[in-house]
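Notes follow the structure.
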Amino acid sequence: MNILIVENELYLAQSIASKLNEHGHHCEQAATINDAKRKEQFDIVLLSTNIAGQDFYPVIEHYENSIIILMVSYISNDTVSQPLQAGANDYILKPFMVEELIRKIDHFQEYELLKRQNRTYERYLSKDFKSHKFDNDIGDESLPLFIFSNFQKHADAFAFDFARSKNKFLHFLTLSDPKAFDEIKYLPKDELIYMTDFQVLKKSERKTLIEIIENRNVLISTTDSTDTENLRTIELKSDNKVFDQGDIMPIEDYVKYIILNYQHKYPDTELSKKLGISRKSLWEKRKKYGIIKKK
20 MNILIVENEL YLAQSIASKL NEHGHHCEQA ATINDAKRKE QFDIVLLSTN IAGQDFYPVI
80 EHYENSIIIL MVSYISNDTV SQPLQAGAND YILKPFMVEE LIRKIDHFQE YELLKRQNRT
140 YERYLSKDFK SHKFDNDIGD ESLPLFIFSN FQKHADAFAF DFARSKNKFL HFLTLSDPKA
200 FDEIKYLPKD ELIYMTDFQV LKKSERKTLI EIIENRNVLI STTDSTDTEN LRTIELKSDN
260 KVFDQGDIMP IEDYVKYIIL NYQHKYPDTE LSKKLGISRK SLWEKRKKYG IIKKK
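Following the numbering used here, the numbering of the sequence shown begins with 20 at its first residue and continues without gaps.
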């Protein structure tokens, strides 16, 4: 990580930089507030709060997108409370072991990585589930709840949308995992849990699971609407009728679905190759199904 050390005690700054460099970080130093306000951005700013006669708040403002760790000689409103309210992230009390500082840096490094990953997943899920809209006004008292759908993504979208509407974290489990039952038992009682693959369980396992989730905040998706022990079940139907059939999809329906949904992505030569048919056959099927290819 790129780290800026704002400290007027030259020996201390050099000592910190040397240790951090050994751990793979790149460090720069600034002895004054004016020198600290640079054009380039830093991942972390180590900011001393006792640079005599200099207001350090401009540094906090300048690096508002960086992790700012205060290096303080004593704890007070001026050195800790107010700077934290102004945007600093943490503090460390002088004198300190460099190992403790490294532990804080590693913590924030992991935290920032998790935040970026979370933003990526949120964007992906929003895009992936964009076409799936539901009325989620079912209330917590309706849980546990079975979600019956032949289209797994439809059930997934419902579960994530429900969690978002309740402003709750969604804990995901697949019941095809043999350790799933044990994990459920150790989760907090108020945790919102989403389980998939109920249909893969044996009848005895289904009964055991239903006993475990009694009075818990659980959503379970299944492609089998039987053996739910009279627990509330909702059926989701996708806009795509191909996935709402209860049996194996006919080849002709599959070909039609692929042409409709992928002809804008692949040229005819590649699309016909993926379907295992000739370009002439692809053209004939478009004519048969009444599919118009947009140019």
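Built from N, CA and C at the ideal position, the CB exists for glycine as well. Everything numeric in this text was worked out from a predicted model, so none of it was measured.
Span separating the alpha-carbon of residue i from that of residue j
i, j, result
"N27", "A50", "4 Å"
"D175", "F191", "10 Å"
"D109", "S240", "42 Å"
"W302", "Q218", "39 Å"
"N40", "R135", "25 Å"
"M20", "L120", "14 Å"
"V64", "G72", "20 Å"
"K275", "N169", "18 Å"
"K317", "I94", "In this structure the chain extends from 20 to 314, so residue 317 is not present and cannot be described."
"L238", "Q171", "13 Å"
"I22", "K293", "51 Å"
"S223", "F165", "18 Å"
"K56", "L89", "16 Å"
"I229", "L144", "29 Å"
"K113", "S92", "5 Å"
"D62", "I270", "54 Å"
"I311", "E129", "50 Å"
"I277", "L250", "36 Å"
"E118", "I111", "12 Å"
"L206", "I35", "41 Å"
"F148", "Q60", "35 Å"
"E233", "N137", "31 Å"
"T242", "D216", "8 Å"
"G309", "E254", "30 Å"
"E80", "F177", "41 Å"
"N53", "I86", "19 Å"
"L279", "R142", "25 Å"
"E131", "S161", "36 Å"
"L290", "Q282", "7 Å"
"K304", "G295", "13 Å"
"D201", "F167", "24 Å"
"Y285", "S300", "16 Å"
"H2", "I70", "Because the chain spans 20 through 314 in this model, residue 2 falls outside it and cannot be assessed."
"A32", "I24", "7 Å"
"R298", "N186", "50 Å"
"D272", "T252", "28 Å"
With 16 other Cβ atoms within 10 Å as the buried cut-off, status of residue i
i, result
"N236", "buried"
"T227", "exposed"
"R225", "buried"
"M116", "exposed"
"Y82", "buried"
"T288", "exposed"
"F188", "exposed"
"H42", "exposed"
"P6", "Outside the shown range of the chain (20 to 314) lies residue 6, about which nothing can therefore be said."
"T68", "buried"
"P102", "buried"
"H173", "buried"
"S19", "Beyond the ends of the chain as shown, which are 20 and 314, falls residue 19; an answer cannot be given."
"L66", "buried"
"L220", "buried"
"T98", "buried"
Residues bridged to residue i (per DSSP)
i, result
"L65", "I24 and I88"
"L238", "L164 and Y213"
"I270", "In the DSSP output, where bridge partners are listed per residue, I270 has none listed."
"Q48", "I24"
"E289", "BP columns for E289 are empty, so no partner."
"I253", "I166"
CB contact below 8 Å: residue i versus chain C
i, result
"Y285", "Considering every chain present, this structure includes no chain C. It has just one protein chain."
Check: residue i C-beta below 7 Å from any heavy atom of the ligand ADP
i, result
"D109", "Annotation note on the ligand ADP: not contained in the displayed structure, which lists no ligands."
Length at least 3, wholly inside the region 165–210: the beta strand (DSSP E) runs in chain order: Uninterrupted beta strand (DSSP E) stretches at least 3 residues long and entirely within the region 165–210 occur at 189–193, given in chain order.
Do the region 182–191 and the region 205–222 meet, that is, are 3 or more Cβ pairs less than 8 Å apart? yes
Sufficient close CB pairs (3 or more, under 8 Å) joining the region 74–90 to the region 100–114: yes
4 or more residues per run - each alpha helix (DSSP H) lying fully within the region 69–126: 76–81 and 101–105
Please determine if the region 188–205 and the region 123–133 are in contact, where contact requires at least 3 C-beta pairs separated by less than 8 Å. no
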